[in-house]
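This report refers to the structure that appears directly beneath it.
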Amino acid sequence: SSTATDLPPAAPSTPDKDTKAKPSMEAMSTSSKAFQYGIVEVPYQDELKSIIEEIRFGVADVSMSSLPSDGLASYFNLQTKEGKQMCVMMSRQGFQVVGNSYDVRDIEDGQCYETVNALLDSLSPAYRRLFSEALTKKLQELEKEEQRPDEKATEQESSP
Numbered sequence: 001s002s003t004a005t006d007l008p009p010a011a012p013s014t015p016d017k018d019t020k021a022k023p024s025m026e027a028m029s030t031s032s033k034a035f036q037y038g039i040v041e042v043p044y045q046d047e048l049k050s051i052i053e054e055i056r057f058g059v060a061d062v063s064m065s066s067l068p069s070d071g072l073a074s075y076f077n078l079q080t081k082e083g084k085q086m087c088v089m090m091s092r093q094g095f096q097v098v099g100n101s102y103d104v105r106d107i108e109d110g111q112c113y114e115t116v117n118a119l120l121d122s123l124s125p126a127y128r129r130l131f132s133e134a135l136t137k138k139l140q141e142l143e144k145e146e147q148r149p150d151e152k153a154t155e156q157e158s159s160p
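Here the sequence shown stands for residues 1 to 160, numbered as in the UniProt record's numbering.
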């Protein structure tokens with residue numbers, strides 16, 4: 001039979017799940033080790049190209065920046081419908097305005113947004129309106145698609 005002295009000392013008020021979560025937090029650090037764990041599957045520039053196409057409808061201009069991209073960040077330029085130009089950095093932390101004009105990094109402490117939509121929603125009332133209109137249109141199209149199968153449902157109800 002084992003005694004209390006045979007057991008390893010318990011960590012003070014640290015549940016097991018906290019210690020198990022610690023390595024994954026280390027894996028999410030900004031070190032290059034994070035890439036070994038498969039966290040970044042698509043190069044930022046490839047992901048950025050699809051993001052640019054997704055937001056094109058709601059901005060006056062959007063394109064890749066000439067600022068150098070690396071494994072940690074990529075940059076794109078955009079101009080809101082209100083005429084405000086900016087350079088935006090995309091990284092694992094999210095999207096952050098880093099410049100007050102195209103291809104410039106002159107803002108060090110800009111707010112970081114989880115998605116490009118959140119950034120544009122915050123900075124451009126026109127984008128917010130256009131995004132809402134596009135979303136409403138898509139929902140209406142889905143509603144119409146759901147109403148079409150009603151014809152089949154009435155046929156099934158009338159059959160014995």
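The beta-carbon is built from N, C-alpha and C at its ideal position, and this holds for glycine as well.
Sequence-distant residues of its chain with Cβ nearer than 6 Å to residue i (five each side left out)
i           : result
residue 63  : 77
residue 120 : 127
residue 89  : 73, 75, 96 and 98
residue 51  : 116
Close-in-space but distant-in-sequence residues of the same chain around residue i (CB under 8 Å, 5 per side omitted)
i           : result
residue 130 : 57, 58 and 81
residue 54  : 116
Beta-carbon gap between residue i and residue j smaller than 8 Å
i          : j          : result
residue 99 : residue 87 : yes
Rounded distance between the beta-carbons of residue j and residue i, thought under 8 Å
i          : j          : result
residue 73 : residue 91 : 4 Å
Other residues of its chain near residue i: CB distance less than 7 Å, five sequence neighbours each side excluded
i          : result
residue 66 : 103
Residue-level contact to chain C via CB, residue i, 8 Å cutoff
i           : result
residue 128 : Among the chains in the structure shown there is no chain C, since it carries only a single protein chain.
Meets three-Cβ-pair contact criterion under 8 Å: the stretch 100-113 and the stretch 135-142: Verdict: no, contact absent.
Could you check whether the stretch 105-125 touches the stretch 85-97, counting it as contact only if at least three pairs of C-beta atoms, one from each stretch, sit closer than 8 Å? The stretch 105-125 is in contact with the stretch 85-97.
Just checking, does the stretch 79-87 make contact with the stretch 43-51 on the three C-beta pairs under 8 Å criterion? Contact between the stretch 79-87 and the stretch 43-51 is absent, because fewer than three Cβ pairs lie under 8 Å.
Identify every run of the alpha helix (DSSP H) within the stretch 54-129, keeping only runs that are complete inside it and at least 4 residues long; order them along the chain. Complete alpha helix (DSSP H) runs here, min 4: 116-123.
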